[in-house]
Amino acid sequence: MTRRLTWSLLAVIAGAGAYAGTLLATRWWSAAALFAAVTLAGCGGVRPQEAVPSEGSLALSDEQEGQEAFTTLVPETIFPDETGAEIDWKPPVNSNAQHLVWLPAGRRENGKLFLFIPGTGGKPADYQYFSSEAARAGYHVIGLMYRNERAIETTCPGSPDENCSGNMRLEILTGVDVSDNVTVNVPNSIDYRLTRLIVYLEGKHPDQGWSLFLRHGEPNWSRIAVGGASQGAGQSALIAQLRRVPRVVMLSGPPDSRLPNQDPPVVDSWVHIGRTPASKHFALYHHRDRSVVGPPTGTTGILTNLNALGLGRFGAPVAVGTEGPYCTDDLGSPSDSFGDTHLLVTDLFPRGDGGCEAPQHRERRVHAARRRRHA
Numbered sequence: 502m503t504r505r506l507t508w509s510l511l512a513v514i515a516g517a518g519a520y521a522g523t524l525l526a527t528r529w530w531s532a533a534a535l536f537a538a539v540t541l542a543g544c545g546g547v548r549p550q551e552a553v554p555s556e557g558s559l560a561l562s563d564e565q566e567g568q569e570a571f572t573t574l575v576p577e578t579i580f581p582d583e584t585g586a587e588i589d590w591k592p593p594v595n596s597n598a599q600h601l602v603w604l605p606a607g608r609r610e611n612g613k614l615f616l617f618i619p620g621t622g623g624k625p626a627d628y629q630y631f632s633s634e635a636a637r638a639g640y641h642v643i644g645l646m647y648r649n650e651r652a653i654e655t656t657c658p659g660s661p662d663e664n665c666s667g668n669m670r671l672e673i674l675t676g677v678d679v680s681d682n683v684t685v686n687v688p689n690s691i692d693y694r695l696t697r698l699i700v701y702l703e704g705k706h707p708d709q710g711w712s713l714f715l716r717h718g719e720p721n722w723s724r725i726a727v728g729g730a731s732q733g734a735g736q737s738a739l740i741a742q743l744r745r746v747p748r749v750v751m752l753s754g755p756p757d758s759r760l761p762n763q764d765p766p767v768v769d770s771w772v773h774i775g776r777t778p779a780s781k782h783f784a785l786y787h788h789r790d791r792s793v794v795g796p797p798t799g800t801t802g803i804l805t806n807l808n809a810l811g812l813g814r815f816g817a818p819v820a821v822g823t824e825g826p827y828c829t830d831d832l833g834s835p836s837d838s839f840g841d842t843h844l845l846v847t848d849l850f851p852r853g854d855g856g857c858e859a860p861q862h863r864e865r866r867v868h869a870a871r872r873r874r875h876a
């Protein structure tokens with residue numbers, strides 16, 4: 502990996518803001534190579550423009566990296582109920598939140614869709630830097646607004662229901678009534694909203710290639726990479742368990758932990774590899790995230806879950822970051838080499854409330870001070 506790529510992949514972190522509750526709409530880093538950060542396996546010393554992208558790869562060429570650096574691309578915005586009157590749930594906050602849609606902006610399309618799923622209380626507009634870079638990588642991109650007002654990570658700890666988090670997630674995904682903790686009907690489920698949105702886009706823009714992502718009237722998951730932040734990371738992992746997808750990108754999650762801080766760790770029952778192999782999963786988290794640090798201030802849910810998904814077998818987490826400041830020197834200097842790891846970690850000083858002294862995992866997005874870094 503080049504030094505430039507090392508720095509620019511940090512858009513994942515800047516965008517993720519895993520610590521202090523931020524998946525920020527920010528641009529501290531050259532976001533153009535952020536997806537290379539979560540497709541590092543096998544990169545070794547190969548420069549991104551020299552590598553042949555594998556299935557689901559999100560790496561960019563030099564030409565693509567140079568396009569409109571540090572900018573967002575303008576998305577098409579669509580209110581969910583435009584795609585079907587039966588889709589009637591609106592969030593209590595951000596009631597005007599919309600789906601956001603981008604077309605591929607790179608020099609060539611890759612024939613795949615990147616579905617980004619926000620965290621609790623978030624909306625697709627909070628992640629526009631992240632999603633714009635997926636478009637530059639050649640993806641069609643959908644930032645999906647879905648029913649995400651209830652935090653799983655605060656609902657299920659201590660629950661007598663061993664399937665608490667899994668059932669909540671399944672109902673949010675499918676609309677099937679399996680949980681007493683959420684009320685999501687089929688029209689407001691992730692599956693239905695995504696399907697209706699793709700159908701709507703294909704009807705409105707028949708020349709844009711949206712039909713690639715439908716098969717027999719349902720999402721064609723073999724062409725859909727999934728990713729998300731916190732709660733959205735967990736929904737992405739569940740989708741990958743139930744369907745085979747090209748790539749899974751998990752930022753600050755999954756945080757689920759019904760029985761936190763046990764020794765040995767207790768993994769929520771739904772957290773395991775299913776149809777999508779572990780080799781397609783990648784993750785990034787902050788060293789001081791409340792769902793990483795453990796007691797007395799938090800849990801070890803994120804690390805427990807990522808290990809349960811098998812990501813640890815590809816290598817230890819690799820520290821990434823731009824120039825400091827850092828919270829500690831625990832992780833050492835950011836690395837220019839990633840080996841085969843599927844786990845990235847940062848200890849950059851967060852721009853959220855409390856800085857390094859208040860470990861937390863809020864899923865609400867805030868805007869950070871923006872600064873450019875030219876590598």
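Just so you know, we're using the numbering used here here: the sequence shown kicks off at 502 and counts up by one. Note that CB positions come from ideal geometry on N, CA and C, so glycine has one too. Source: prediction; values computed, not measured.
With distances taken between CA atoms, Pro605 lies nearest to Pro576 out of Asp582, Pro619, Thr621 and Pro576. Counting along the chain, Tyr693 sits inside the alpha helix (DSSP H) bounded by residues Ile691 to Lys705. Under the three-state reduction of DSSP output, Tyr640 falls in the coil class, being neither helix nor strand. Leaving aside the five residues that flank Phe815 on each side, the residues in its chain whose CB is nearer than 6 Å to its CB run, in chain order, Asp841, Thr842 and His843.
Between the region 749-759 and the region 797-806 there are three or more C-beta pairs closer than 8 Å, enough to call the two in contact. Exposure of Val594 is indicated by the presence of fewer than 16 other C-beta atoms within 10 angstroms of its C-beta. For the alpha helix (DSSP H) assignment, the uninterrupted runs of no fewer than 4 residues enclosed by the region 715-782 are, from N- to C-terminal side, 732-743. Inclusion of Ile618 and Arg648 in the CB contact set at 9 Å is not warranted, their separation being larger than that value.
Per DSSP, the beta bridge partners of Phe615 are Val642 and Ala726. Taking the C-beta atoms as reference points, Ala779 is found no nearer than 9 Å to Leu832. In this structure, the CA atom of Lys624 is about 36 Å from the CA atom of Asp764. Annotation: Leu614 to Gly710 spans about 10 Å, alpha carbon to alpha carbon. In the three-state scheme derived from DSSP, where H, G and I count as helix and E and B as strand, Glu577 is classed as strand. With respect to the 9 Å criterion, Arg724 and Pro747 are classified as neighbours on the basis of their beta carbons. Residues Ser770 and Trp771 of the same chain have their beta carbon placed closer than 6 Å to that of Gly667, with the five preceding and five following residues left out of the count.
In the DSSP assignment, Thr847 falls within the beta strand (DSSP E) that extends over Leu844 to Thr847.
Thr847 and Thr801 have their C-alpha atoms spaced approximately 16 Å apart.
Taking the Cα positions, Val727 is about 27 Å away from Pro761. Taking a 10 Å sphere around the C-beta of Pro818, we find 16 or more other C-beta atoms and assign the residue as buried. Where Val793 is concerned, the enclosing alpha helix (DSSP H) starts and stops at Arg791 to Val794. In the three-state DSSP reduction, Val819 falls in the strand class (E or B).
In the three-state scheme derived from DSSP, where H, G and I count as helix and E and B as strand, Trp603 is classed as strand. In the DSSP assignment, Leu804 falls within the unbroken alpha helix (DSSP H) covering Gly802 to Ala809.
Apart from sequence neighbours up to five positions away, no residue of its chain approaches Thr655 with a beta-carbon distance below 7 Å. Less than 9 Å separates the beta-carbon of Arg651 from that of Val683. By the C-beta density criterion, Lys781 is buried, having at least 16 other C-beta atoms within 10 angstroms. As computed with DSSP, Tyr628 is found in no beta bridge at all. Going by DSSP, Asn595 is part of no alpha helix (DSSP H) at all; its letter is neither H nor E. Contact between Ala738 and Val750 does not hold, since the beta-carbon distance rounds to 10 Å and is not under 8 Å.
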